[in-house]
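2 protein chains.
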Amino acid sequence: MTEALRDLLDGRWADLRRASLDLLAKLEPAGELSREDYRAWVFEQLRALADGGHPLIGFPERHGGRDDVGGSVVAFEVLGFGDLSLMVKAGVQWGLFGGAVQALGTDVHHDRYLPGIMSLELPGCFAMTETGHGSDVQNLGTTATYDVDAGEFVVHTPDAESRKDYIGNAARDGRLAVVFAQLVTGGERHGVHALVVPIRDADGSPAPGVTIEDCGPKAGLNGVDNGRLAFDHVRVPRENLLNRYGDVAPDGTYSSPIEGVGQRFFTMLGTLVRGRISVAGGAGSATKKALTVAIRYADRRRQFTRPDSGAEVVVLDYLAHQRRLLPALATTYALHFAQEELVSALHDITRERTSPADADERRQRELESRAAGLKAVATWHATATIQTCREACGGAGYLAENLISGLKADTDVFTTFEGDNTVLSQLVAKGLLTSYRDHVGDLDPWGMARFVADQAVGVVIERTAARAIIDRLVGGSSESLLDRGWQVRQFEDRERHVLEGLARRLRKATPETAFDVFNAAQDHVLHAARAHTDRVVLEAFVAALDRCDDERLALLCDLYALSTIEADRAWFLEHGRLTPQRAKSVTQAVNDLCARLRPHAVDLVDVFGIPESWVAARITG
Amino acid sequence: MTEALRDLLDGRWADLRRASLDLLAKLEPAGELSREDYRAWVFEQLRALADGGHPLIGFPERHGGRDDVGGSVVAFEVLGFGDLSLMVKAGVQWGLFGGAVQALGTDVHHDRYLPGIMSLELPGCFAMTETGHGSDVQNLGTTATYDVDAGEFVVHTPDAESRKDYIGNAARDGRLAVVFAQLVTGGERHGVHALVVPIRDADGSPAPGVTIEDCGPKAGLNGVDNGRLAFDHVRVPRENLLNRYGDVAPDGTYSSPIEGVGQRFFTMLGTLVRGRISVAGGAGSATKKALTVAIRYADRRRQFTRPDSGAEVVVLDYLAHQRRLLPALATTYALHFAQEELVSALHDITRERTSPADADERRQRELESRAAGLKAVATWHATATIQTCREACGGAGYLAENLISGLKADTDVFTTFEGDNTVLSQLVAKGLLTSYRDHVGDLDPWGMARFVADQAVGVVIERTAARAIIDRLVGGSSESLLDRGWQVRQFEDRERHVLEGLARRLRKATPETAFDVFNAAQDHVLHAARAHTDRVVLEAFVAALDRCDDERLALLCDLYALSTIEADRAWFLEHGRLTPQRAKSVTQAVNDLCARLRPHAVDLVDVFGIPESWVAARITG
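Below you can see the structure in the form of structure tokens.
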């Protein structure tokens, strides 16, 4: 049975997943190192990954790669069982930096850079975020001004707020950077574009005009060399513009396959959606690892004696301990299946697209929205669960030797990097209200207030996974808490109601009041995003259940559904969806499910299949 | 106005608090140091505190101290604005180690050890926790067996689970340890007692028979040298027994002023309650520091432009940002006042007691229970708030230079050290149900199930602070959400109802079912403890309001009360205390209060008075 569950978890990329696990198992955890030594260690391990073929997965066949976008995310996810600095460094080098060259560049860039990027001869940065602009990247301050006489772009940092900040690979290893800057040619601005800019010479010193500062020690991920970059009129050849979505001719003429600065920018950003999906996956892996340690420990740790027998009680037998760990385990399973759906969608959409203009606009927007929603939910879940695991292990959980403290420190930034979760949640709500119809105010959250005000918005719940199964389930009429159809109906009903209420509020906005109306509804917006993502996640779980007949999995799905309802039961009560009596029954049902899952808890983390060398905490050994 | 607020916050120990702040301001933050260098730095700073008179506050006048118990907690709290490793190291040396010698020893011990403890000539450990027993210290495995022929105790670690673990000062600096062990004399066990055991020679090498292991790197507090101690038949003179509550005569006869092993043990533990109160205070200081950074930053950071004016919006103007930070600020104020009440109670009870037998049993139990409850609530609040502050500062919050990441790492262990919060919460509920009448199952949570089963338990809400004011408020009949009386009534009503329901459940237990009945009610137990502590905290806030007429303070109190109700509004809905419509009004009222407090937010953190050198984050400077 457990083998079947393992197969289900391995999913569509099972072979690649297992090969990636084998590669990871060949590496060994770093000991305690100084920051500089740790950075050096990570860079060495990165080479081992390159030598082991890790970066090939996501790059084009034309350059020796396997062109497997979904696989590249799965391989990244597997790195999340190992050293998280290494995972992030790999993500920076091959996902963000390499991915930007691949997605935003054209053949000339691919030929020139991709081989060195894959082999690690050309370490590089993804230089988007600035000190003054993190979420609002459309308003970056860095400029790239075309000098027609020289045939060069002049890349410049006009002020301290426009320094590139928190840039991975910048402080130590990066040779090149993909720099996002406001493109100016012939005195006209064309919005944010990306250019390849050398930041270090062959000997490792900063390139002329480039100032590099180290971001210094961080809460975690200290094996990644984050830094700050400033450019003082740095000149690069015209060809360094990654010109897939916008080009400048030698005479300075601007051209683009996409009209409109905003539309173009968000199309460019959209090609980078893989980063967010990867972070959600990495967060999931770290969560699994923390739960593996905490649940194994809870299954052997004893504290206090039973009054009847005098025997010491295993702490996982306490209801309070079960309630801390088992709903979190159920949610981790749910998010795993949602992640796989999302990776599949990314893979298929990317594969089907052959030209910039070819993208199915609506599907692409929906993918981005789901990626934003899942990234927010998965990373918040990771932060909360890893914290819970730390506390569940007591003082032992605070020691580095038991791994959880490292996971906590390393994953902490996930909730704000690759998109701040609060901002991402607003994007999700916006996509739902506008039916992914356009880019209006994509990163300008209250742009949507005006948009909604102008439209007759109807809320339609579109089922994402296993549509036929869901349709059948929802068609039932059982009111049992353990009826899957009832559960799905609650999630759908909540999403619809919250969204409709939100649409009504926003529709009252006038151009003058848009900001205030949106701002006053901000908590409502966040709730709508959450309700939507919860529903998408439940559907993914339901679809997975259909592929594997395992009683434990069904219990986990019940626990996910009911603990999610329980957590938001105030809403269900406020809106007459649950009577007080029934709300209390939900709590009781969660307790009962914890008791039923408790005997299987250790098996249910073992099946995650984390290489033992990477989950060898002293307290569980 | 702000000066009056500052005076209110400074409170009963205002002079001492300001003197402690001055002493702290003379120290400077450590830079980035290796673990060993950091430990050395902390030890040096400890000397500076000793030279500055810090340890005098809490020790007896007879030894040159000021015998000011409450003041010693306040001075510890002030250290929480500085380096938290230093705070904890000071707490280990003078609070736990010195405090144990003081509270459990008699004149001979005081004369022999206190001068060296205060001057730091005798660094020492508080060796209670074992690898296998953290919460359940009554079942420690270490033994101290009296050898009548030699007139010595033989201190022994029988197995790996009985090693002393996580012991501060053990890995590097400690010369002595107060070791908690099962005392055996004449073949009879008398329960846990404490002895002074040398662990290092003058040259720093482990004493014969003592094995010392370093706990290695930790999530935070890496300036504290936590270690593991094992004793292989280590002999100490009979006089090394800290014999205030239990003594062994030269012939091996045991005597104690307190009958009963359990009663004696919990009386001994009770004298150590200051440690928990100190942790709650330290957690409060760290929370204030994180909020100071996050709110100052939120008041200057701009992101996204207003659609009407095109100006970039200050992020603290966003409702979502206000909701993250301002209710947390209000709760921080509330906990500050509750902390001061608790410190005052500790101080007065300690002062009035002149002999071990003299303690007012019930008042002492109530103090311990309130300390347990506030420690749990304050440290969970710290963990949640500091996390929120980190996220509210985005990537900048992840950098060490902005202080929050260090606060997060250092304070993380507060939720489980000096008593695991979940266990402490159960003690609180137990005290309420048994009206603090005895020690039954003090750390054996379901002992109370049997106890309650045997008694007719009536739930009485006893007001703690400003009884007359509360009585008057509660006597009112306004149903306005902003009516203080209504707010207090909600807190009291919830506490009473939750407790009564719990008593009814537990009363069903028989000796055979006690464990299962208690275990099934564990979430109910935790909720009861929370409801009680919330009410005690609100009363402290109300009492403080009566001492200072500041409109902002009244708004903070409203926000604390209503955001607490909002967070648990599912309960209020389930129990018919709030209609759905009214529950929604609570949410709206919280939003409105955030908007009203927003203009004052920076002033309300500035008034915490943290020395600027210790709160100088790069993002706010």
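Residue numbers (the numbering used here), protein chains in the order written: chain A, 14 to 634; chain B, 14 to 634. Cβ coordinates follow ideal geometry from the N, Cα and C atoms, glycine included.
Pop quiz: Asp-172/B and Gly-154/B are said to be a contact at Cβ under 8 Å. What is the actual Cβ separation, rounded to whole angstroms?
Cβ-Cβ separation between Asp-172/B and Gly-154/B: approximately 6 Å, consistent with a contact (criterion under 8 Å).
State yes or no: is the beta carbon of Asp-425/A nearer than 8 Å to at least one beta carbon in chain B?
yes
Taking all protein chains shown into account, decide if Glu-49/B is buried (16 or more other Cβ within 10 angstroms of its Cβ) or exposed.
exposed
Using a Cβ-Cβ cut-off of 8 Å, state whether Tyr-411/A counts as contacting chain B.
Contact of Tyr-411/A with chain B is assigned, a C-beta pair being separated by under 8 Å.
By Cβ distance, which residues of its chain are closer than 7 Å to Val-363/B, with the 5 residues on each side in sequence left out?
Here residue 363/B turns out to be Thr, not Val, going by the sequence shown. Taking Thr-363/B as the centre and dropping the five residues before and after it, the same chain places the C-beta of Val-82 closer than 7 Å to its C-beta, in chain order.
Report the residue from Arg-582/A, His-169/A, Gly-199/A, Val-205/A whose alpha carbon sits nearest the alpha carbon of His-246/A.
His-169/A
Can you pull the chain B neighbours of Arg-319/A, defined as C-beta to C-beta under 7 Å?
Per Cβ cutoff of 7 Å: Phe-528.
First and last residue of the alpha helix (DSSP H) that includes Thr-158/A?
Thr-158/A -> not in any alpha helix (DSSP H); beta strand (DSSP E) instead, spanning 156-160.
Three-way DSSP call (helix, strand, coil) for Leu-208/A in this model:
strand
Note down, in chain order, all residues in the segment 321-334 of chain A with a beta-carbon under 7 Å from any beta-carbon belonging to chain B.
Asp-321, Tyr-331, Leu-332, Ala-333
From Phe-279/A to Gly-259/A, what distance separates their C-alpha atoms?
13 Å
Please tell me whether Ala-541/A has its Cβ less than 8 Å away from any Cβ of chain B.
no
Around the C-beta of Gln-594/A, are 16 or more other C-beta atoms found within 10 angstroms, so that it is buried, or is it exposed?
exposed
Find the nearest neighbour of Gln-316/B within the set Pro-524/B, Leu-329/B, Leu-285/B, judged by alpha-carbon distance.
Out of Pro-524/B, Leu-329/B, Leu-285/B, Leu-329/B has the C-alpha closest to the C-alpha of Gln-316/B.
When the Cα atoms are used, what is the spatial distance from Ala-43/B to Glu-201/A?
50 Å
With distances taken between CB atoms, is the gap from Leu-575/A to Leu-606/A smaller than 8 Å?
yes
Answer with buried or exposed for Asp-96/A, where buried requires no fewer than 16 other C-beta atoms within 10 angstroms of its C-beta.
buried
Using a Cβ-Cβ distance under 8 Å, would Ser-47/B count as near chain A?
yes
What is the residue span of the alpha helix (DSSP H) that Pro-250/B lies within?
That residue, Pro-250/B, is in no alpha helix (DSSP H); its beta strand (DSSP E) goes 247-250.
When you check each C-beta in the segment 385-401 of chain A against every C-beta of chain B, which residues fall closer than 8 Å?
Thr-396, Gln-400
Do the segment 402-413 of chain B and the segment 298-314 of chain B touch if we need at least three Cβ pairs shorter than 8 Å?
When Cβ pairs closer than 8 Å are counted between the two stretches, the segment 402-413 of chain B is seen to touch the segment 298-314 of chain B, the count reaching three or more.
Would you check if there are 3 or more beta carbon pairs closer than 8 Å linking the segment 121-135 of chain B to the segment 155-169 of chain B?
no
Exposed or buried, what is Val-620/B when buried is set at 16 or more other beta-carbons lying within 10 Å of its beta-carbon?
buried
Can you check whether the C-beta of Tyr-179/B is within less than 8 Å of a C-beta belonging to chain A?
yes
Figure out for me which residue from Arg-543/A, Asp-563/A, Asp-425/A, Val-599/A has the closest Cα to the Cα of Trp-499/A.
Val-599/A
Closer than 8 Å to chain B by CB, Asn-182/A
Judged by the 8 Å Cβ criterion, Asn-182/A is not in contact with chain B.
Taking a contact to mean a Cβ-Cβ separation below 8 Å, would you say Val-209/A touches Leu-196/A in this structure?
Result no, Cβ atoms of Val-209/A and Leu-196/A do not sit closer than 8 Å.
Specify the secondary structure class of Pro-171/A as computed by DSSP and reduced to three states.
coil
Measuring only between beta-carbons, confirm whether Ala-533/B sits less than 8 Å from chain A.
yes
For the candidate residues Glu-431/A, Gln-400/A, Asn-415/A, Thr-401/A, whose alpha-carbon lies nearest to that of Asp-149/A?
Considering only alpha carbons, the answer is Glu-431/A.
Contact set between Thr-428/B and chain A, taken where Cβ atoms lie within less than 8 Å
What Thr-428/B touches in chain A: Glu-404.
Enclosing alpha helix (DSSP H) for Asp-2/A [first to last residue]
Residue 2/A cannot be examined here, being either before or after the span of chain A that is shown, 14 to 634.
DSSP-derived helix/strand/coil call for Lys-39/A
Reduced to three states, the DSSP call for Lys-39/A is helix.
Do Leu-380/A and Leu-359/A have their beta-carbon atoms positioned less than 8 Å apart in this structure?
yes
So, with DSSP's three-state summary, where would you put Leu-456/B?
Note that Leu-456/B scores 44 on pLDDT, short of 50, meaning its location in the model is unreliable and no value can be drawn from it.
Would you identify the three-state DSSP class for Ser-448/B, choosing helix, strand or coil?
Coil, per DSSP.
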